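Each protein sequence line maps, in turn, to chains U and W. Everything in the first sequence is counted per the numbering used here, starting at 1 for the first residue and increasing by one. Everything in the second sequence is counted per the numbering used here, starting at 1001 for the first residue and increasing by one. For each residue, glycine too, the CB sits at the ideal point set by N, CA and C. Remember, predicted model here, so these are calculated numbers, not experimental data. Comments concern the structure below.
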Amino acid sequence: MAWFRRKKDSDVPTVQPEGERKTVRTEGLFVKCPGCERAAFKRDFEANLNVCPECGHHLRVDARERLRQLFDDGEFVEFDTGISATDPLEFVDTRKYSDRLVDMKRKTGENDAVVVGVGNMGGSPVVIASMSLDFVGGSMGSVVGEKITRAIERAISDRIPVVIVSASGGARMQEGTLSLMQMAKISAALARLDEECIPYISILTDPTTGGVTASFAMLGDLNIAEPGALIGFAGPRVIEQTIRQKLPKGFQRSEFLLEHGMLDDVVERGRLREYVIRAFSLMQPAV
Amino acid sequence: MQENAHPKVNGEDVSEFDAFEPEVESGPPTAMDRVRLARHPDRPYTLDFIERIFDDFFEMHGDRAFADDPAMVCGCARFRGRPVVVIGHQKGRSTRDRQHRNFGMPMPEGYRKALRVMQFAEKFGMPVITFIDTPGAYPGIDAEERGQAEAIAFNLREMAKLRVPVVCTVTGEGGSGGALAIGVGDVVQMLENAVYSVITPEGCAAILWKDSSQAPRAAEALRITAPELLALGIVDRVIPEPGDGAHNDFDEASRLLGDSIDEALAKVGAMRPEERVIARYEKFRRMGRYSE
């Protein structure tokens, strides 16, 4: 196990040295905010935890960046890096699942859709499982199920609080009913965590739907979400096709869930770390 | 509640079972044949099984918070002399009844009623017997507003804690989270022609092939039939159906199902409650395939 640090500096714009033709590379330098559609320096976004400095829109962040944002000094020890997906059903759609996995690993540099680690938050240890949407849509197959279950079991044996940051389209179709069973597996582990009175905060981010919402993401002692995140059981398209109506504005967004009693709070990214530290400091098991 | 007469799952009409024709004349049924059998309009539903397998059944209604959900049937009964609770999805037979039962797709209050009845069982030391037969939990605005995901999630966690024996049988369609929400058992079994899937074949085909007519391919690829799920360790037992399907002989299908429940209860009923909770945990803990 190693201490991980940020290693990518490739996004920083480079200026050619003196003497050569002075050109500034601008590709990747600007991003257009999906919220207010204004172009802004990517650097400014990053300095602001990938939240638009103008309109407050929260861009999606990957699992590792999330862990760096939450842990003290961005440092953590990662667990179970060697678990990876097989293709138990030998699933083929337009492509083989096994080929898809190879591509995904190359593209993302990750083994699957969740990164799990332990580190400190406000000086106290916390186990965090953080999902990445860019690995097969953040979908939950056997690996996600196993890594999150192990994280919870580890938290039980070491008596450390748990945070799970969800970002997922739900269960992974390519592993069929095995994916569905991960919902039961993780929820059973959370049943033990619950009975041991070890605190668990679920952070729902954009988007969290399907089997992930219908299992661990809704089972926190506190369920909180980032602003504007899409959160639901069924996806909006499925609901529209079922009821044959347009959905109301803001339906299935964080604020809608808060209003309907499904969330404890909607918390901006810049306040998440402080929120978790403060909440855990108050959530002491009864003697 | 929805107004249209055809059940829609992931936007796909799943009512084409009205004319069941096996894909191949001879040989074992294909995955899609099984899907059609599982959705057969004459297939026995939960109340048909209850009538034949249990005595003294009385229904318990409502979640004590919002409503009674007719897509989920719960109650107390005697099973071969012994008090139990029975919980199951319920589909309707006539068009009117199908609408009333919402095509077997529960709302959050259906799952909350089921949990209330499970906790009732826990209090009085009664085994929990569940019958799973749903296209899925209902995907609608009202269901989302009242926390469909939370209701399912909560059941998954609380079922893992039950100290009484829990025996679950997929009798027809095991539709994803809406099925699993009453499916965390000490023994999980399937009728021979039942299917259990993370998504309907139509929904899967629409996403992966952008063409829902590819459903038979998706049904094959997803490995949703009882023998395949037995091989994957997801179910413990496959219960044979009479003739070419349970729809031909409700009495015989019920007898076979009743016998298997009896055997399952004898096995897990003999364990101490704490052993049972651990064994149930270990059973689901083992599920999944990965390399390390």
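Beta-carbon spacing of residue i, residue j below 9 Å
| i | j | result |
| --- | --- | --- |
| valine 163/U | leucine 70/U | yes |
| aspartate 1251/W | arginine 1093/W | no |
| glutamate 115/U | valine 77/U | Correcting the residue identity first, residue 115/U is valine in this sequence and not glutamate. No, these two residues do not count as a Cβ contact at 9 Å. |
| glycine 1177/W | methionine 1105/W | no |
| leucine 1314/W | methionine 1271/W | Nothing about residue 1314/W can be reported from this structure: the residues present for chain W run from 1001 to 1292 only. |
| arginine 1039/W | glycine 1172/W | yes |
| aspartate 1063/W | lysine 1113/W | yes |
| arginine 1289/W | serine 142/U | yes |
| proline 1056/W | glycine 1088/W | The sequence as given places aspartate at residue 1056/W; proline does not occur at that position. Result no, Cβ atoms of aspartate 1056/W and glycine 1088/W do not sit closer than 9 Å. |
| methionine 1287/W | alanine 184/U | yes |
| valine 1166/W | valine 1184/W | yes |
| alanine 1143/W | methionine 1107/W | yes |
| isoleucine 224/U | aspartate 264/U | yes |
| valine 63/U | methionine 131/U | Per the sequence shown, the amino acid found at residue 63/U is alanine instead of valine. Yes, they are a contact pair. |
| asparagine 111/U | serine 84/U | yes |
| proline 1201/W | alanine 1031/W | yes |
| proline 1083/W | glycine 1269/W | no |
Residue i burial status per 10 Å Cβ neighbour count (16 or more: buried)
| i | result |
| --- | --- |
| histidine 57/U | buried |
| leucine 133/U | buried |
| phenylalanine 193/U | Note that residue 193/U is leucine in the sequence shown, not phenylalanine. Buried, since its Cβ has 16 or more Cβ neighbours within 10 Å. |
| glycine 235/U | buried |
| proline 1028/W | exposed |
| glutamine 284/U | exposed |
| glycine 261/U | exposed |
| threonine 248/U | The residue you asked about is not threonine; residue 248/U is proline in the sequence shown. So proline 248/U ends up on the exposed side. |
| arginine 159/U | exposed |
Proximal residues to residue i (C-beta, below 6 Å), its chain only, five neighbours per side dropped
| i | result |
| --- | --- |
| alanine 217/U | Ser166, Ser202, Leu204 and Thr208 |
| tyrosine 275/U | Val267 |
| leucine 59/U | Asn50 |
| glutamine 182/U | Met140 and Gly145 |
Candidates the options, of which the one nearest residue i by Cα
| i | options | result |
| --- | --- | --- |
| alanine 1221/W | Leu230/U, Pro88/U and Pro125/U | Pro88/U |
| cysteine 197/U | Ser130/U, Gly220/U, Ala184/U and Val212/U | Gly220/U |
| proline 1227/W | Val1195/W, Pro1083/W, Gly1183/W and Ile1199/W | Val1195/W |
| arginine 38/U | Val102/U, Cys55/U and Ala47/U | Cys55/U |
| arginine 1285/W | Ala1160/W, Asp1042/W, Arg1082/W and Val1164/W | Ala1160/W |
| glycine 122/U | Thr86/U, Pro161/U and Arg60/U | Pro161/U |
| valine 212/U | Phe233/U, Val31/U and Thr86/U | Phe233/U |
| isoleucine 156/U | Arg237/U, Tyr200/U, Gly35/U and Pro227/U | Tyr200/U |
| cysteine 1076/W | Ala1067/W, Asp1069/W, Glu1192/W and Met1060/W | Met1060/W |
| arginine 278/U | Ser124/U, Arg237/U and Cys33/U | Ser124/U |
| valine 92/U | Lys1267/W, Ala1205/W, Ala1279/W and Asp1262/W | Ala1205/W |
| phenylalanine 79/U | Thr177/U, Lys147/U and Phe135/U | Lys147/U |
| valine 61/U | Ala47/U, Asp73/U and Arg150/U | Ala47/U |
| tyrosine 1098/W | Pro1041/W, Asp1244/W, Ser1213/W and Lys1210/W | The displayed chain sequence assigns arginine, not tyrosine, to residue 1098/W. For arginine 1098/W, the nearest C-alpha among the options comes from Pro1041/W. |
Spatial neighbours of residue i in its chain, beta-carbon cut-off 8 Å, leaving aside the 5 residues before and after
| i | result |
| --- | --- |
| arginine 95/U | none |
| alanine 1065/W | Glu1109 and Arg1112 |
| proline 1242/W | Asn1248, Asp1249, Glu1252, Ala1253 and Leu1256 |
| arginine 253/U | Gly228, Ala229, Leu230 and Ile231 |
| serine 179/U | Ser139, Met140, Gly141, Ser142, Gly145, Ala171, Arg172, Met173 and Gly211 |
Coarse secondary structure for residue i, derived from DSSP in three states
| i | result |
| --- | --- |
| glutamate 37/U | coil |
| glutamate 1059/W | strand |
| glycine 1147/W | coil |
| aspartate 1133/W | strand |
| glycine 1088/W | strand |
| asparagine 50/U | coil |
| phenylalanine 1079/W | strand |
| valine 1195/W | strand |
| leucine 29/U | coil |
| serine 132/U | coil |
| arginine 1217/W | helix |
| serine 139/U | coil |
| proline 1007/W | In this predicted model, proline 1007/W has a pLDDT of only 48, less than 50, meaning its place in the structure is not dependable enough to derive any value. |
| alanine 1181/W | coil |
| glutamine 245/U | coil |
| aspartate 1033/W | helix |
Cβ shell of residue i (< 7 Å), same chain only, five flanking positions each side left out
| i | result |
| --- | --- |
| serine 1260/W | Gln1189, Arg1237 and Ile1239 |
| glutamate 1003/W | Any answer about glutamate 1003/W is weak, because its pLDDT of 40 lies below 50 and its placement is not dependable; what the coordinates show is given next. Contacts found: none. |
| serine 187/U | Ser215, Phe216 and Leu219 |
heavy atom of the ligand HEM below 8 Å from residue i C-beta
| i | result |
| --- | --- |
| methionine 1271/W | Looking at this structure, you won't find the ligand HEM or any other ligand, since it has none at all. |
- Name the residues in the region 1276 to 1290 of chain W whose C-beta lies less than 8 Å from a C-beta of chain C; which are they? Absence of chain C from the displayed structure is noted, the protein chains being U and W.
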